[in-house]
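Protein chains in written order, with our numbering: chain P, 1 to 326; chain R, 327 to 553. Down below is the structure, laid out as structure tokens.
Dropping the structure here:
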């Protein structure tokens with residue numbers, strides 16, 4: 001329904017987020033984007049802003065509960081996201097200009113939100129019971145008037161791709177990337193996936209190709225990096241992460257690209273040197289590379305937060321300030 | 327199920343495993359999944375990224391549940407090493423959803439007070455949820471500190487923690503939501519709904535023998551008690 005609105009906005013990169021934006025989404029950053037992945041938050045805002053899309057944070061949002069919640073209690077796994085969705089609906093009521101969609105960039109939060117929404121809409125008696133319990137606590141019911149979306153889905157629409165191509169200032173020419181989707185954007189596909197083929201997702205590949213990068217073909221796009229166990233099962237998770245990086249390297253990639261702050265933290269921090277002593281592969285959020293291509297935001301500042309040095313991968317592009325050597 | 331079936335597992339000293347008839351129904355009820363539909367095609371195990379470290383493979387856990395080998399399933403390492411990647415759920419031809427069944431088995435293991443196959447995974451979940459119950463938001467450093475307090479071996483990742491701190495990736499101070507009371511009420515209700523709590527109320531006993539201490543229940547001890 002908002003497709004046309006979105007499109008009109010795309011021609012005016014000056015129209016930034018906030019009240020002036022042509023279309024404003026509700027936005028749930030989640031705990032990671034306020035801490036370990038601030039660069040994902042900033043780059044998401046920069047890229048959407050360049051397309052004239054504003055973001056309004058869900059007010060007083062709480063943690064989605066992530067894996068510890070669904071491994072401990074069905075109720076917790078549904079109730080924590082539902083409180084946020086109920087708040088989003090309340091916010092929508094007071095602001096008719098907001099789009100009835102909540103953008104959730106963290107793949108883990110996105111997955112939890114979609115599952116909770118699905119549980120209420122389609123979960124039969126159990127779903128109704130959970131919704132009733134939450135209503136009794138927060139004093140308002142979840143009506144299902146908002147749609148939970150990942151920004152990748154919005155940016156991957158043909159119209160947005162066209163608009164992005166028109167805004168490129170620095171094409172990422174020659175940058176070979178392995179687009180890594182992980183688990184939570186694609187499984188369970190009936191509830192969360194927006195891909196034509198969830199076993200072979202393409203949205204990130206199309207986006208990166210649109211700004212001049214060269215996505216490689218590889219077979220570990222949706223393999224698990226194990227992040228939910230990273231603290232307790234360090235060795236196992238290191239092994240899983242390295243397997244993914246090895247496959248990306250073997251496919252000729254100079255960098256990995258992800259849409260999940262948990263995958264990012266894991267792959268950025270656990271890979272070690274390559275089999276022949278090569279430097280570790282940089283890991284980017286897809287929004288960081290889009291922002292770099294569009295010339296928006298502060299990519300240099302974002303990249304300083306990465307554990308793996310990104311400069312070698314970007315050396316051929318030119319124009320990037322040298323990273324402080326501190 | 328049960329009558330006439332004897333299950334001999336490797337390492338059990340030639341003794342048959344104790345079978346609990348009706349266990350499959352209990353799991354199906356808690357998980358909301360039809361475990362009895364599994365016909366052992368092994369597609370789940372074929373795609374499982376952690377099958378090499380599991381004591382029982384994914385399809386074997388499902389089979390143990392079908393046969394009523396409650397203790398064996400609940401004490402297994404496999405249910406805790408499951409990465410929740412949901413590849414099994416995606417590919418299962420019978421919509422058994424082993425990933426969700428693994429979660430149900432974790433909850434039942436904690437509620438039943440059996441020795442946990444991989445206690446440290448559970449300890450991390452608990453540490454994480456404690457910060458969420460208290461603050462309404464997760465706090466990396468806080469949950470890692472809580473976890474490390476109970477598992478000194480966790481100090482091995484100190485180097486990584488320091489590198490992350492130096493890059494501004496770990497926040498020293500947590501964020502807290504204004505609606506902490508609501509979040510605390512959600513946690514309270516989760517504890518009331520826990521199978522462990524319900525079980526004790528039914529039988530009128532307070533086993534308290536759980537690996538999680540006297541509280542029992544998978545969300546017990548996660549703080550937020552109206553504070």
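C-beta atoms are modelled at their ideal positions from N, C-alpha and C, and glycine is treated no differently. Computed from a predicted model, the values in this text were never measured in an experiment.
query	result
In whole angstroms, what separates the C-alpha of residue 130 (chain P) from that of residue 108 (chain P)?	21 Å
In this structure, how does DSSP classify residue 457 (chain R) when only helix, strand and coil are distinguished?	helix
Under a Cβ-count criterion, where at least 16 other Cβ atoms within 10 Å of its own Cβ denotes burial, should residue 14 (chain P) be classed as buried or exposed?	Caution is warranted here: a pLDDT of 39 is assigned to residue 14 (chain P), below 50, making its placement in the model unreliable, and the coordinate value is therefore given only provisionally. Residue 14 (chain P) should be labelled exposed.
With DSSP as the reference, identify every bridge partner of residue 53 (chain P), one or two as the case may be.	P:23
Going by the DSSP bridge assignment, what does residue 177 (chain P) pair with across the sheet?	P:215, P:255
How close, in whole Å, do the beta carbons of residue 469 (chain R) and residue 457 (chain R) come, if the pair is a contact with beta carbons under 8 Å?	5 Å
When the distance is taken between beta carbons, is residue 167 (chain P) closer than 7 Å to residue 50 (chain P)?	yes
Is residue 390 (chain R) closer than 7 Å to residue 398 (chain R) when the C-beta atoms are compared?	yes
Looking at C-beta atoms only, is the number of pairs between the stretch 47-63 of chain P and the stretch 285-297 of chain P that lie closer than 8 Å three or more?	yes
Return the residues of the stretch 219-231 of chain P that lie within a Cβ-Cβ distance of less than 7 Å from chain R, sorted by chain order.	223, 224, 226, 228, 229, 231
What is the rounded straight-line gap between the Cα of residue 523 (chain R) and the Cα of residue 424 (chain R)?	24 Å
Give me the subset of the stretch 138-149 of chain P whose CB atoms are less than 7 Å from a CB atom of chain R, sorted by chain position.	138
If we call anything under 7 Å between Cβ atoms a contact, is residue 215 (chain P) one with residue 177 (chain P)?	yes
Along the chain, which unbroken stretches of the alpha helix (DSSP H) at least 4 residues long are found entirely within the stretch 90-123 of chain P?	107-122
Considering residue 303 (chain P), what are the terminal residues of the alpha helix (DSSP H) in which it resides?	299-303
Have a look at residue 348 (chain R) and residue 394 (chain R) and give me their C-alpha separation to the nearest angstrom.	7 Å
Can you check the stretch 383-446 of chain R for any alpha helix (DSSP H) of at least 4 residues that lies completely inside it and give the ranges in chain order?	384-393, 396-401, 404-407, 413-417, 424-438
Residue 68 (chain P) CB to nearest chain R CB: under 7 Å?	yes
When you compare each of P:232, P:301, P:80 to residue 334 (chain P) by their alpha carbons, which one comes out closest?	With chain P covering only 1 through 326, there is no way to say anything about residue 334 (chain P).
What does residue 65 (chain P) touch in chain R if you count any residue whose Cβ is under 8 Å from its own?	455, 458
Could you name the residues of chain R that residue 83 (chain P) contacts, counting a contact when the two beta carbons are closer than 8 Å?	505, 508, 509, 512
Please classify residue 173 (chain P) as buried or exposed, where buried requires at least 16 other C-beta atoms within 10 Å of its C-beta.	exposed
To which residues does DSSP link residue 147 (chain P) through a beta bridge?	P:101
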